[in-house]
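Chemist:
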Amino acid sequence: VVDSRNLLKRRETVGDAVACAEFALRAGKPERAAVLLARDPGNSAALALRARLSLERGQLRQALREATDALKTKPDDALALYVRGRIGLERATTGHLADLEKAVTLSERRDADYLAALAEAYAVANRRADALKTAREAAALRPKDRLLAELVERLAREA
30 VVDSRNLLKR RETVGDAVAC AEFALRAGKP ERAAVLLARD PGNSAALALR ARLSLERGQL
90 RQALREATDA LKTKPDDALA LYVRGRIGLE RATTGHLADL EKAVTLSERR DADYLAALAE
150 AYAVANRRAD ALKTAREAAA LRPKDRLLAE LVERLAREA
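Below, the structure written as structure tokens:
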């Protein structure tokens with residue numbers, strides 16, 4: 030949930046357009062987010078958020094390009110690392126596990142999406158105990174999220 034105080038804090042660090050785009054995206058308005066992000070094309074935070082939006086739309090090539098561009102400007106951008114890691118996980122390319130681990134670390138293990146993607150990557154790498162532990166962390170952050178609960182159940186059966 031994004032409240033007005035969080036939005037004001039984000040505006041101070043990433044700029045008006047990016048903060049408002051994050052708010053729009055979390056409010057389920059991706060089209061509005063895309064319009065806002067187009068206002069600030071060179072901003073690394075805007076690039077990373079556009080990469081996530083492209084990923085959610087299934088535009089993997091574009092998402093990878095945007096995430097890579099964001100990482101050129103800011104190598105420790107957790108969102109860009111998450112996007113690149115998710116794409117790597119889907120494509121089974123090397124380096125995706127390191128990207129996801131770094132994104133989780135940079136987010137201080139406070140982002141359920143990052144943790145869920147890392148849990149999936151651990152499962153693919155046959156690190157079942159790590160996968161289950163990480164999925165449980167994600168579910169604890171969003172206890173009402175049905176998909177995270179299903180991920181925990183699936184990984185518990187596989188462990």
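Per my numbering, the very first residue in the sequence shown carries number 30; after that it's consecutive.
Beta carbons: idealized from backbone N, C-alpha and C, even for Gly.
Start and end of the alpha helix (DSSP H) containing lysine 101?
Modeler: Segment 89-102, the alpha helix (DSSP H) holding lysine 101.
Chemist: Rounded to a whole number of angstroms, what is the C-alpha to C-alpha distance between leucine 144 and histidine 125?
Modeler: Rounded to whole angstroms, leucine 144 to histidine 125 spans 13 Å at the Cα level.
Chemist: Below 8 Å CB to CB, which residues in the same chain sit around arginine 175 once its five sequence neighbours on both sides are set aside?
Modeler: For arginine 175, where only same-chain residues beyond five positions count, there are no Cβ hits under 8 Å.
Chemist: Rounded to the nearest angstrom, what separates leucine 110 and threonine 122 at their Cα positions?
Modeler: Taking the straight line from one Cα to the other gives about 14 Å.
Chemist: Using the three-state DSSP reduction, which class does aspartate 106 fall into: helix, strand or coil?
Modeler: Three-state DSSP puts aspartate 106 in coil, outside helix and strand.
Chemist: Rounded to whole angstroms, what's the CA-CA distance from glutamate 182 to lysine 173? Just pull it up for me.
Modeler: Distance between the alpha carbons of glutamate 182 and lysine 173 is about 14 Å.
Chemist: Is the CB-CB distance between arginine 139 and aspartate 128 below 7 Å?
Modeler: Cβ distance not < 7 Å, so arginine 139 and aspartate 128 don't count as in contact.
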